[in-house]
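Written out below as structure tokens is the structure these notes cover.
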């Protein structure tokens, strides 16, 4: 068993704000992340896949295929977008780093498994100081 | 003459889009940066100040004071904000990295000079791949 | 279960030296880290907390609260200090990266648990080449 | 139990290419990594060792000794070399990051264990976007 | 006048070795960089362009066009290649970082100028410790 | 004319404190950097040398020789030392980043010039947020 990781980046706008809460309640709980006119981040995403090494290629999985799966299922939907308004898989959900990582897992699990290996970890970094890891 | 640099970061939403152009024209010129619902970045800002070393302190300028000037004049206005909607000094301007760096220069030049040294460079990085330097 | 990580930094002086050993023995075992007049580092600290996502906030824990706990219990005690002379929780202990990480764990475990989640890992980097992870 | 990690770097040439396949087949499977005249990388290697802290030294293992073991058994053989032509432990093997990480594990396991601790992980990064972890 | 910088990366094999010198002389002058079977690097390239800001777009130059010029004139020729065997503009030249940076300048100067701005600096990093800047 | 840069690192203890000032005055001017029991940093040093490319080697200067000059004249004196107590060229001087960069310039200028090129810049970074550049 060996683990391979692909790093990707994307830029997106979002805010942390519940429509069923007042501006004041949102500000109290979510701080400056609740700014009504949005803010944004350069997100960094590490996708870790585990499996056996194929003796013919020396690969667990072809990283070009892994990268393509991440692009089609995640990056094309979130890069240079508004996470709260533009992304089908985030509709009606709070765009915290935790929730976003868990939803990215759901997007990737089936197509990664179809490569003959399995999704091990989604790591998502919002700023240099804050990141999240989800193992399913 | 010696040069000191302070690095700061902020997170903001923006888009590149002229209201006098159609969606199609904006998309042609600004690409995915024209997304109507905004996107965002973790910006990195390096402020370089030059001057003589004060023999009493060994400092060109006290970096705590430089940092405070950057915070009051720039960071408090742009961090976790929308550059196009929330920032007084960007009103009516295109929020390209070039224009933003030049406007940050205007915010900082006078208060930095009041410390007895002079503003040398505003360097602003939008993504790991793209940055701008402005020397006034 | 999801894992969130907060990165913090601090600067401190220390040395590796046992008072019950001669200078020569300390130099033999600890090398240049035994310099009697101290040396120092920019330490980087990653605190990882695990728990369930609160559906109301989308958070495992509010990172502002996690950051505040790290500041009060660790950073305020070690930043711009001498680990061997100034830090209550390091008194009488060798300030190796291993021992420092384990003592930081003891400072954080109870207040992190009081947030309703649990401390998972203390990662401490002394230089770009050397780091330690402790899981309790 | 505590985990310590040493980071090292090396520069090497290699290609991904099976001599029993045609140029076209190699290009189809390995893409531009199959360039017949080689290409190369700045590899980054993180070696993680686990064990109990020695109360006399505060160390799991002396990182100077760990570093020396990595240098003698790995770096001296691969740095500024061609992984496919010059490295004894890679002879006849595909120099994928996966295979290289597994072979580095074999070089290090016995001498690390002889220090009284145990090898936990070999992490090998080929480019900023691609890395591998092997736990034996 | 404002300066914009685009960062790109490429991976290549090379060696430092003069065919008119003996192996011993090459080893004496170029050290381990003279290994006959090649070695390689992840190169990082920063291209800085200077000009006036176009008031219609807020840009000195469209970075998508700058990036495309770098790709066609440099990256497509050097990435995953052998600098000494595969690259037309390096034929018969020593592939030191200095010479490579100067030759990259020659490839880019005319197409960058055709954008209405001018090439200011080619910065090329061979390893984290070694880099070169050329201003024409 | 081309510019080459060598990056080196060192770890040292220091404090900012004038013996002719009270503890209170030192604290007022130098803040937490005045802690009487010292603190410390991982310093990063970039030495930039300029000159013509030697057509025989493709080098402005052999970086192995540049690195050796930095080691003998600076690193061996400051690494794992106390800048205020252990370093001959800092005796009686305030160890601000500005002063340290200027004194490092004095150590390097003559031996670098003896290589047939000239010292262009000493850049010294104390923390990720603070750095200094000195051009003589």
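Residue numbers (my numbering), protein chains in the order written: chain A, 1 to 136; chain B, 1 to 136; chain C, 1 to 136; chain D, 1 to 136; chain E, 1 to 136; chain F, 1 to 136. Where is the CB? At the ideal position from N, CA and C, for every residue including glycine. Just so you know, these numbers come straight off a predicted model, no measurement behind them.
Distance cutoff 8 Å, beta carbons only. Does residue i sit that close to anything in chain C?
| i | result |
| --- | --- |
| residue 92 of chain F | no |
| residue 129 of chain A | yes |
For residue i and chain F, any beta-carbon pair shorter than 8 Å?
| i | result |
| --- | --- |
| residue 99 of chain E | yes |
| residue 102 of chain E | yes |
Against residue i, what residues of chain D qualify as contacts under a CB-to-CB distance less than 8 Å, listed in chain order?
| i | result |
| --- | --- |
| residue 32 of chain E | 79, 80 |
For residue i and chain D, any beta-carbon pair shorter than 8 Å?
| i | result |
| --- | --- |
| residue 47 of chain C | no |
| residue 39 of chain E | yes |
| residue 2 of chain A | yes |
| residue 64 of chain A | yes |
| residue 122 of chain A | no |
Go through its chain and collect everything with a Cβ distance to residue i's Cβ below 8 Å, but skip five positions before and after it.
| i | result |
| --- | --- |
| residue 32 of chain D | 39 |
| residue 130 of chain C | 97 |
| residue 103 of chain F | 89, 90, 93 |
| residue 53 of chain C | 2, 59, 60 |
| residue 80 of chain E | 10, 11, 12 |
| residue 127 of chain B | 41 |
| residue 63 of chain C | 4, 6 |
| residue 23 of chain A | 34, 36 |
| residue 21 of chain E | 29 |
Does residue i have its Cβ less than 8 Å from a Cβ in chain A?
| i | result |
| --- | --- |
| residue 57 of chain B | no |
| residue 5 of chain B | no |
| residue 11 of chain B | yes |
Residue i CB to nearest chain I CB: under 8 Å?
| i | result |
| --- | --- |
| residue 28 of chain D | Among the chains of the structure shown, chain I does not appear; the protein chains present are A, B, C, D, E and F. |
Which chain B residues sit within Cβ distance under 9 Å of residue i?
| i | result |
| --- | --- |
| residue 23 of chain A | Within 9 Å Cβ-Cβ: nothing; residue 23 of chain A doesn't reach chain B, min ~14 Å. |
Starting from the beta carbon of residue i, find every residue of chain F whose beta carbon is closer than 7 Å, and list them in chain order.
| i | result |
| --- | --- |
| residue 43 of chain E | What residue 43 of chain E touches in chain F: nothing, since even the nearest Cβ is about 15 Å away. |
Could you tell me which chain E residues have their CB closer than 8 Å to the CB of residue i, listed as they occur along the chain?
| i | result |
| --- | --- |
| residue 85 of chain D | 37 |
Check the Cβ of residue i against every Cβ in chain E and list those closer than 9 Å, keeping chain order.
| i | result |
| --- | --- |
| residue 53 of chain F | 96, 98, 99, 102 |
Give the residues of chain F in contact with residue i, contact being defined as C-beta atoms less than 9 Å apart.
| i | result |
| --- | --- |
| residue 74 of chain B | Per Cβ cutoff of 9 Å: no residues; residue 74 of chain B is ~15 Å from chain F at best. |
Given residue i, which residues of its chain have a CB within under 6 Å of its CB, disregarding the five upstream and five downstream residues?
| i | result |
| --- | --- |
| residue 5 of chain A | 46, 48 |
| residue 17 of chain E | 26, 34 |
| residue 132 of chain C | 97, 98, 101, 124 |
| residue 134 of chain D | 101, 102, 105, 122 |
| residue 7 of chain D | 46 |
| residue 77 of chain C | 87 |
Using 8 Å as the limit for Cβ to Cβ distance, is residue i near chain B?
| i | result |
| --- | --- |
| residue 60 of chain F | no |
Just to confirm my understanding: we take residue i, look at its own chain, exclude 5 residues before and 5 after, and list those with CB closer than 7 Å. What are they?
| i | result |
| --- | --- |
| residue 107 of chain C | 73, 74, 89 |
| residue 65 of chain B | 115 |
| residue 111 of chain B | 69, 73 |
Is the CB of residue i under 8 Å away from at least one CB in chain E?
| i | result |
| --- | --- |
| residue 133 of chain B | yes |
With a cut-off of 8 Å, do at least 3 Cβ pairs link the region 2-14 of chain A to the region 22-41 of chain A? yes
Does the contact criterion of 3 or more C-beta pairs under 8 Å hold for the region 49-64 of chain A versus the region 87-101 of chain D? yes
Indicate whether the contact test is met: 3 or more Cβ pairs, each with one atom in the region 110-126 of chain D and one in the region 59-70 of chain D, closer than 8 Å. yes
Is the region 44-51 of chain A close to the region 122-131 of chain A, with three or more CB pairs under 8 Å? yes
Does the pairing of the region 13-30 of chain D with the region 81-89 of chain D give three or more beta-carbon distances under 8 Å? yes
Tell me the start and end of each unbroken alpha helix (DSSP H) in the region 54-91 of chain D that is at least 4 residues and wholly inside, in chain order. 63-70
Could I get the ranges of all uninterrupted alpha helix (DSSP H) runs contained in the region 86-127 of chain A, with 4 residues as the minimum, in chain order? 97-113
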